[in-house]
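These notes are about the structure you will find just below.
Residue numbers (this note's numbering): 2 to 205.
Quick look at the structure:
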């Protein structure tokens, strides 16, 4: 399996069947700390990239081996935490600074702060909410949580509609009005009297 890094213009080989799907503690506690310390990281998995250059669907990455998620390191310093322009839309924060617990004792002095943003795209003179979501992580000192790293790491993905929700939507869309709806029969009631389930075999 080959992965193209658009920033470096290079292609890297990955093992067959490889999937990159780091948990929150791994993404912040392992990858971000290594990046901040200048330690080597697997090439092409998390790019250094300004995610606010364009709309999320135009960003590189997000292939099948990434489980259709996109991962980036970028400079968070100076950004408006509540609303950020990106391409022809903007990211808006819906959750701020949720604490992420680490499992590495060497990271005891540190904590990670997770924020969740949703992308709104330009639609005429207004904005329309999309299903694109960003999970943003920054490191902070436990002794001074307000002092956070200038660099962050994020996970960007498009939230999918569940199969159950799709089936429900298809079911309701197939009914044009109440007269065409099928009658729902309640088998627990018969002639106004509640009926019990049949007794097990052999019961008198």
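Cβ atoms here follow ideal geometry from the backbone N, Cα and C, with glycine treated the same way.
| query | result |
| --- | --- |
| Nearest neighbour of residue 137, chosen from 109, 63, 71, 110 [CA to CA] | 71 |
| Residue 130 versus 99, 160, 41, 115, residue with shortest Cα-Cα distance | 160 |
| DSSP-derived helix/strand/coil call for residue 84 | strand |
| Close beta carbons around residue 1, own chain, < 8 Å, minus the five adjacent residues each side | Outside the displayed span of the chain (2 to 205) sits residue 1, for which this structure offers no information. |
| Straight-line Cα distance separating residue 126 from residue 104 | 47 Å |
| Neighbourhood of residue 134 by C-beta, 8 Å cutoff - its chain only, sequence neighbours within 5 removed | 117, 118, 119, 120, 157, 158, 159, 160 |
| CB contact flag (residue 33, residue 150, <9 Å) | yes |
| Top-ranked residue by Cα proximity to residue 1, from 87, 148, 141 | Because the chain spans 2 through 205 in this model, residue 1 falls outside it and cannot be assessed. |
| Simplified DSSP state of residue 99, which is helix, strand or coil | strand |
| Alpha-carbon to alpha-carbon, residue 102 and residue 66 | 26 Å |
| Same chain, Cβ closer than 8 Å to residue 91, neighbours up to 5 away in sequence not counted | 84, 85, 120, 121, 128 |
| Secondary structure of residue 77, DSSP reduced to three states | coil |
| Contact set for residue 23: own chain, Cβ-Cβ below 7 Å, skip 5 residues either direction | 32 |
| Assigned exposure category for residue 19 - 16 Cβ within 10 Å defines buried | exposed |
| Option in 106, 81, 88, 110 with minimal Cα separation from residue 97 | 81 |
| Under 9 Å between C-beta atoms of residue 108 and residue 74 | no |
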